[in-house]
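Number of protein chains: 2
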Amino acid sequence: MKLTSKGRYAVMALVDLARFDNINPVSLRDISLRQGISLDYLEQIFSKLKKNEIVKSIRGTQGGYVLNKNPNDIKLTNIFHAVDEKVKTVQCKKESKRGCNGKATKCITHNLWDELEIHINTFFDNKSLEDLIKNNKETRV
Amino acid sequence: MKLTSKGRYAVMALVDLARFDNINPVSLRDISLRQGISLDYLEQIFSKLKKNEIVKSIRGTQGGYVLNKNPNDIKLTNIFHAVDEKVKTVQCKKESKRGCNGKATKCITHNLWDELEIHINTFFDNKSLEDLIKNNKETRV
DNA sequence: TCAAAACTTGACCATTTTGGTCAGGTATGT
DNA sequence: ACATACCTGACCAAAATGGTCAAGTTTTGA
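Heads up: the protein sequence lines correspond to chains A and B, in order. This note's numbering puts the last residue of the first sequence at 150; the count rises by one with no breaks. This note's numbering puts the last residue of the second sequence at 150; the count rises by one with no breaks.
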């Protein structure tokens with residue numbers, strides 16, 4: 010059970026972005042240098058963030074990326090969803106409340122995995138980019 | 010972020026085992042049939058569960074596996090730990106509170122990942138095999 | 001006693017996912 | 001026109017996943 014680096018990088022990059030956002034567009038090159046993430050890889054990630062309307066792009070010299078929403082309205086859920094970082098505990102479909110592994114009954118631990126998924130997603134739903142920026146400012150000293 | 014089938018199977022098998030345990034040792038063959046898990050794979054899993062003293066083995070005809078502890082003392086944490094299903098959110102070492110990616114400072118989202126790990130592990134620490142058996146009995150009707 | 005049931009061990013392997021790189025673009029400000 | 005920065009998609013190596021296969025050893029019941 011681990012977080013992929015795509016999800017982790019996306020959050021790191023957005024926190025970085027949010028800190029400089031209000032002045033100018035932030036170029037991926039800068040984020041790449043500051044966070045130590047490959048520029049090529051960042052481009053893949055931001056392409057998805059853009060499709061999901063989390064950021065806007067500004068082309069040309071002095072261009073870069075800008076947040077497309079209030080940091081308070083960007084939850085971890087949104088970010089992870091954008092880069093296909095999803096929480097998966099079961100293979101059996103949720104909808105089919107019966108018949109998990111081709112069997113007639115629900116698998117005996119089905120409820121458990123559902124609970125777990127909800128538990129994790131709750132965390133993601135409640136945490137916003139705003140929270141992270143605040144927290145970061147405090148810790149920076 | 011997903012649960013591996015090794016962890017899932019381990020829990021499923023143990024719940025199954027716990028339900029028949031008090032009468033006789035339960036053979037992997039039976040569990041395999043009931044839960045639809047490959048016998049060979051189950052053997053790998055139970056070998057680890059045994060090393061971690063979660064189950065005991067009884068060889069020979071009519072042999073099988075038996076719980077080695079009270080179901081209430083077997084937490085999900087123990088099971089997952091036994092089969093190497095660990096929660097991993099960061100690569101940077103926890104101990105090195107500074108210098109995450111070869112940088113001088115902690116990575117800006119370090120605290121977040123720590124929080125997340127704790128959040129998930131809390132769930133695992135609190136859930137025991139006993140809870141799952143109860144839950145299962147209730148749902149069976 | 002001997003065969004069958006069941007545990008034991010470890011090598012092996014195909015497929016998928018991960019975590020990127022590389023090579024080209026295209027748009028735009030100066 | 002040129003540098004900067006976004007944009008797109010192909011490609012790839014390595015690791016993890018989810019097993020299978022083979023060859024035992026131990027114990028019991030007939």
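Where is the CB? At the ideal position from N, CA and C, for every residue including glycine. What you are looking at is a predicted structure, and each value in this text was computed from that prediction instead of being measured.
Contacts with chain A (Cβ-Cβ distance below 9 angstroms) from the segment 84-103 of chain B involve Leu85, Phe89, Glu94, Lys95, Val96, Lys97, Thr98, Val99 and Gln100, listed in chain order. Interface criterion not met: the Cβ of Ile127 (chain B) is under 7 angstroms from no Cβ in chain A. Using a Cβ distance threshold of 7 angstroms, Leu85 (chain B) and Lys136 (chain B) count as a contacting pair. Residue contact check for Phe132 (chain B) against chain A: a CB pair falls below 7 angstroms.
The beta-bridge partner set that DSSP reports for Gly73 (chain B) consists of B:Ile67. Taking C-beta atoms as the reference points, Ala19 (chain A) and Pro80 (chain A) fail to come closer than 7 angstroms. Beta-bridge partners assigned by DSSP to Ser137 (chain B): B:Lys84.
For the 7 angstroms CB-CB criterion, Glu126 (chain A) and Thr98 (chain A) form a contact. For Asn61 (chain B) and Leu138 (chain B), the gap between their C-alpha atoms comes out near 15 angstroms. Here Gly16 (chain B) is buried, its C-beta having at least 16 other C-beta atoms within 10 Å. DSSP lists B:Lys97 as the bridge partner or partners of Lys11 (chain A). Listed as beta-bridge partners of Val35 (chain B) by DSSP are B:Tyr74. If you look at Ile46 (chain B), you'll find it isn't in any alpha helix (DSSP H); DSSP assigns it neither H nor E. Assignment of Thr118 (chain A) by DSSP, reduced to helix, strand and coil, places it in the coil class. Distance check between Ile83 (chain B) and each of B:Ser14, B:Pro34, B:His128 and B:Asp140 places B:Asp140 closest, using alpha-carbon atoms only. Val64 (chain B) is not a Cβ neighbour of Tyr50 (chain B), given a cutoff of 7 angstroms.
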